[in-house]
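Student: So that we are looking at the same thing, I have put the structure below in structure tokens.
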Amino acid sequence: VANPDNILSQPWIKYSSLKQKHFIPAGWVNKTVYFKFTLENTNEIRDTIYFFPGNSFRSITCYKILPSDILQLIKDESKGDGFQPIALAAKEKTSFVIELNFTKRNFNTLYLVMIEKNQLESYQKIFYTLNYSEIIIGYVLCGLLLMMIFFNGANFSLGRKKEFLYNCLYAICMFLLIFFNTYAERRSGVFAGFFMGYFAFALLIIGTVFYIAFTRKFLDTKTNYPLLNKIFIYEEKGLAVLLIGFSIVYFFTNNFWLQNILENSTKIICLAIGILYIIIGIKQKNRLINYLAMGNAILILCAS
Numbered sequence: 162v163a164n165p166d167n168i169l170s171q172p173w174i175k176y177s178s179l180k181q182k183h184f185i186p187a188g189w190v191n192k193t194v195y196f197k198f199t200l201e202n203t204n205e206i207r208d209t210i211y212f213f214p215g216n217s218f219r220s221i222t223c224y225k226i227l228p229s230d231i232l233q234l235i236k237d238e239s240k241g242d243g244f245q246p247i248a249l250a251a252k253e254k255t256s257f258v259i260e261l262n263f264t265k266r267n268f269n270t271l272y273l274v275m276i277e278k279n280q281l282e283s284y285q286k287i288f289y290t291l292n293y294s295e296i297i298i299g300y301v302l303c304g305l306l307l308m309m310i311f312f313n314g315a316n317f318s319l320g321r322k323k324e325f326l327y328n329c330l331y332a333i334c335m336f337l338l339i340f341f342n343t344y345a346e347r348r349s350g351v352f353a354g355f356f357m358g359y360f361a362f363a364l365l366i367i368g369t370v371f372y373i374a375f376t377r378k379f380l381d382t383k384t385n386y387p388l389l390n391k392i393f394i395y396e397e398k399g400l401a402v403l404l405i406g407f408s409i410v411y412f413f414t415n416n417f418w419l420q421n422i423l424e425n426s427t428k429i430i431c432l433a434i435g436i437l438y439i440i441i442g443i444k445q446k447n448r449l450i451n452y453l454a455m456g457n458a459i460l461i462l463c464a465s
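Residues 162 to 465, numbered by our numbering, are exactly what the sequence shown covers, in order.
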């Protein structure tokens with residue numbers, strides 16, 4: 162197994178011959194990837210260049226290769242934004258080894274770039290706003306959800322009705338999900354990796370549970386629809402169990418295959434819940450249920 166102690170003696174392949182130039186295979190997620198390269202500072206003064214492998218990494222560890230093939234650990238300054246500075250003395254030519262660990266999610270990307278210090282700010286601005294239209298849509302949705310939060314929060318504070326509390330908590334989860342997804346979609350660093358790998362999924366599940374609780378209370382399913390109430394209770398408990406299982410696998414194992422199965426299964430269940438709302442709305446001649454059904458139909462259509 163390759164590690165920093167024996168990595169220099171391992172067989173290397175050229176980056177130009179690597180077939181995976183954009184999205185990496187799922188089998189790479191729990192593997193550690195190493196890159197070796199040489200940098201030369203032709204200037205008469207000390208200079209810094211920034212290494213950036215993309216926005217799909219839990220950690221970026223940089224080593225400087227000293228004489229006698231000794232690896233010297235360089236201070237990790239990539240945790241905030243994913244850009245690792247590498248300083249070179251005047252006229253220095255040195256080789257480096259980079260150790261990369263991917264974020265635990267699907268659709269991880271890999272593209273290595275070196276950015277000069279005076280070009281870093283411009284590069285980041287362009288990179289972060291490459292999907293400008295999606296950013297605008299995301300923040301508009303956040304504004305609508307924020308109004309929903311204020312509305313439900315005000316109604317709960319006035320009437321102390323739990324349905325407004327549950328709907329407010331649901332809106333908060335969706336607000337955080339869309340806001341941070343809009344912010345972190347093209348960003349790197351520890352928080353962006355954690356959000357894309359775990360926190361976004363957790364917000365989706367917790368928000369769905371609050372929405373089911375809101376529906377039960379709003380329609381008084383315990384009294385008016387006993388069978389539907391039982392189904393909703395089983396769904397709440399099932400989603401809670403799946404979230405706990407997903408959390409255990411994510412934090413305490415490296416079994417990305419099982420993590421992926423749990424995540425996809427849970428999303429299918431959430432989709433099934435939405436379809437169930439629509440079916441119930443069609444069968445029931447209740448205006449409130451019809452409104453919920455229409456809302457879920459729009460949600461499913463937009464999500465697809």
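Think of the CB as a built atom: it goes at the ideal place given N, C-alpha and C, for glycine as much as any other residue.
Between the region 361 to 369 and the region 330 to 348, can you find at least three pairs of beta-carbon atoms closer than 8 angstroms?
Tutor: Yes, since at least three Cβ pairs between the region 330 to 348 and the region 361 to 369 fall closer than 8 angstroms, the two stretches touch.
Student: With a threshold of 16 other CB atoms inside 10 Å of the CB of F413, please say whether the residue is buried or exposed.
Tutor: Within the sequence shown, residue 413 is the residue found at index 252, counting from 1. So F413 counts as exposed.
Student: Can the beta-carbon of R321 be found less than 8 angstroms from the beta-carbon of N262?
Tutor: In the sequence shown, residue 321 corresponds to position 160, counting from 1. In the sequence shown, residue 262 corresponds to position 101, counting from 1. Not closer than 8 angstroms, so no.
Student: Quick one: is Q233 buried, meaning 16 or more other Cβ sit within 10 Å of its Cβ, or exposed?
Tutor: Here residue 233 refers to the residue found at position 72 of the sequence shown. It counts as exposed.
Student: Look up Q245 in the DSSP assignment and say whether it is helix, strand or coil.
Tutor: Residue mapping note: residue 245 aligns to position 84 of the sequence shown, counting from 1. Residue state, collapsed to three classes: strand.
Student: Exposed or buried, A250, counting other C-beta atoms within 10 Å across all chains shown (16 or more means buried)?
Tutor: Residue numbering aside, residue 250 sits at position 89 when the sequence shown is read from its first letter. Result: exposed.
Student: Quick check: the Cα distance between L281 and I297, rounded to an integer number of angstroms?
Tutor: What you label residue 281 is simply residue 120 of the sequence shown in a count that begins at 1. What you label residue 297 is simply residue 136 of the sequence shown in a count that begins at 1. Roughly 24 angstroms between the two C-alpha positions.
Student: Using only the alpha-carbon positions, how far apart do V301 and E295 sit?
Tutor: Indexing the sequence shown from 1 puts residue 301 at position 140. Indexing the sequence shown from 1 puts residue 295 at position 134. Going from the Cα of V301 to the Cα of E295 covers about 10 angstroms.
Student: Among S177, V402 and C329, which residue has its Cα nearest to the Cα of T427?
Tutor: Residue mapping note: residue 427 aligns to position 266 of the sequence shown, counting from 1. Of the candidates S177, V402 and C329, the one whose C-alpha sits nearest the C-alpha of T427 is V402.
Student: Would A345 pass as a contact of A353 if the rule is Cβ separation under 8 angstroms?
Tutor: Position 184 of the sequence shown, counting from 1, holds the residue named residue 345. Position 192 of the sequence shown, counting from 1, holds the residue named residue 353. Taking 8 angstroms as the Cβ cut-off, A345 and A353 qualify as a contacting pair.
Student: Rounded to a whole number of angstroms, what is the C-alpha to C-alpha distance between T203 and L227?
Tutor: Sequence index remark: in the sequence shown, residue 203 carries index 42 (1-based). Sequence index remark: in the sequence shown, residue 227 carries index 66 (1-based). About 19 angstroms.
Student: Going by other Cβ atoms of all chains shown within 10 Å of its Cβ, with 16 needed for buried, is K391 buried or exposed?
Tutor: Position 230 of the sequence shown, counted from the start, is the residue given in the question as residue 391. Exposed, since its Cβ has fewer than 16 Cβ neighbours within 10 Å.
Student: What distance in whole Å lies between the Cβ atoms of T270 and F184, which are believed to be in contact at a cut-off of 8 angstroms?
Tutor: Against the sequence shown, residue 184 aligns to sequence position 23. Against the sequence shown, residue 270 aligns to sequence position 109. With 8 angstroms as the limit, F184 and T270 qualify as a contact, their Cβ atoms being about 6 angstroms apart.
Student: Check the C-beta distance from F196 over to I259 and give it rounded, since I have them as a contact under 8 angstroms.
Tutor: Stepping through the sequence shown from its first residue, residue 196 is reached at position 35. Stepping through the sequence shown from its first residue, residue 259 is reached at position 98. Contact flag correct, Cβ pair sits at about 5 angstroms.
Student: Can you tell which of T209, G243 and T384 has its C-alpha closest to the C-alpha of T222?
Tutor: Translated into the one-based positions of the sequence shown, residue 222 becomes position 61. The residue with the shortest Cα to Cα distance from T222 is G243.
Student: Given a cut-off of 8 angstroms on the beta-carbon distance, is the pair K240 and V351 in contact?
Tutor: As a position in the sequence shown, residue 240 is number 79, starting the count at 1. As a position in the sequence shown, residue 351 is number 190, starting the count at 1. Yes, the pair counts as a contact, with Cβ atoms nearer than the cut-off.
Student: Rounded to whole angstroms, what is the Cα-Cα separation between F198 and Q245?
Tutor: Position 37 of the sequence shown holds residue 198. Position 84 of the sequence shown holds residue 245. Cα to Cα, F198 sits roughly 14 angstroms from Q245.
Student: What do you get for I374, buried or exposed, if any count of 16 or more other CB atoms within 10 angstroms of its CB means buried?
Tutor: As a working note, residue 374 is residue 213 in the sequence shown. Reading off the sequence shown, one finds Ala at residue 374, where the question assumed Ile. Answer is buried; the Cβ neighbour count reaches 16.
Student: With a floor of 3 residues, list each beta strand (DSSP E) that falls wholly inside the region 211 to 282, ordered by position along the chain.
Tutor: Here the runs fully enclosed are 218 to 227, 231 to 235, 245 to 249, 254 to 263 and 274 to 277.
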